[in-house]
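Inspection log for the structure reproduced underneath, given as structure tokens.
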Amino acid sequence: MVAWKDMTRTQRRTAEATFAALSSVDSLLDRDESDGGAIGFADLRAFVSAAPGLRDQDVRLALMRDPRLRRDLDRLLAKTAVVHFPRAAAASSGDVEVREGEGFRLRIRRSQAVSGQCYVIIEMEPEGLPMPTALFVKTAAGALDKHLLPDAQDRVIQLLVDEESDLVAGLRDPHTEVYLR
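When we follow my numbering, the leftmost residue of the sequence shown carries the number 10, and every step to the right adds one.
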């Protein structure tokens, strides 16, 4: 390593140009050491995968700050989702208990055995669509939550969750979008 005072004029100009270029790259990436660095497309792909990711929380925070990143994620989910439940019709009133489409159905049912709990039941028809491994709930404000799904039994997936959970609130809200991936 050469000290600044020992560099020739050409070496100093090269070092200054290199530093300026690196600073430009950092500002283009909008790096912030507090959030572990910029979120890229590879991070979005890892986020929508069926496994919990090391940077899931960083991705969620970045999505709340960056509308462009939210649009990228929307396109990625639209292309890779097994099922997309759009927002409920504008004429809908009250909570949504069932979301369905061709080949699938998602419903919420109160548990008879455990007070304050309910089942989120995802039913897939025998033929056609592959079984999803993750559920994404996107609020009207753009916040997105990821929930990993257990294995299906006879093409039915059941989750037992707290009736007051964010998942159930999001699924019941007619203004949310739901993706199965």
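Ideal Cβ positions, reconstructed from N, Cα and C, are used throughout, including at glycine.
Just so we're clear, the structure is a prediction, and the values are computed from it rather than from any experiment.
- Separation of alanine 51 and glutamine 121 (C-alpha to C-alpha, rounded to the nearest whole angstrom) is 43 angstroms.
- A residue is called buried when at least 16 other Cβ atoms come within 10 angstroms of its Cβ; glycine 179 meets this threshold and is buried.
- In the DSSP assignment, methionine 133 falls within the unbroken beta strand (DSSP E) covering 126 to 133.
- Secondary structure at valine 68: helix, using DSSP grouped into helix, strand and coil.
- Inclusion of lysine 155 and glutamate 186 in the CB contact set at 7 angstroms is not warranted, their separation being larger than that value.
- Positions of the beta strand (DSSP E) runs, each at least 3 residues long and wholly inside the stretch 148 to 172, are given as 153 to 157, 165 to 171 in order along the chain.
- In the structure shown, alanine 143 adopts extended strand secondary structure according to DSSP, grouped into three states.
- Looking from the CA of alanine 150, the closest CA among Ile48, Leu53, Val57, Arg74 belongs to Arg74.
- The closest CA to that of arginine 80, considering only Leu189, Leu153, Arg164, is found on Leu153.
- Counting along the chain, no alpha helix (DSSP H) covers arginine 114; the unbroken beta strand (DSSP E) around it starts and ends at 113 to 119.
- Counted as a single uninterrupted DSSP element, the stretch harbouring arginine 96 is not any beta strand (DSSP E), since DSSP gives it neither H nor E.
- In the DSSP assignment, glycine 110 is bridged to Phe113.
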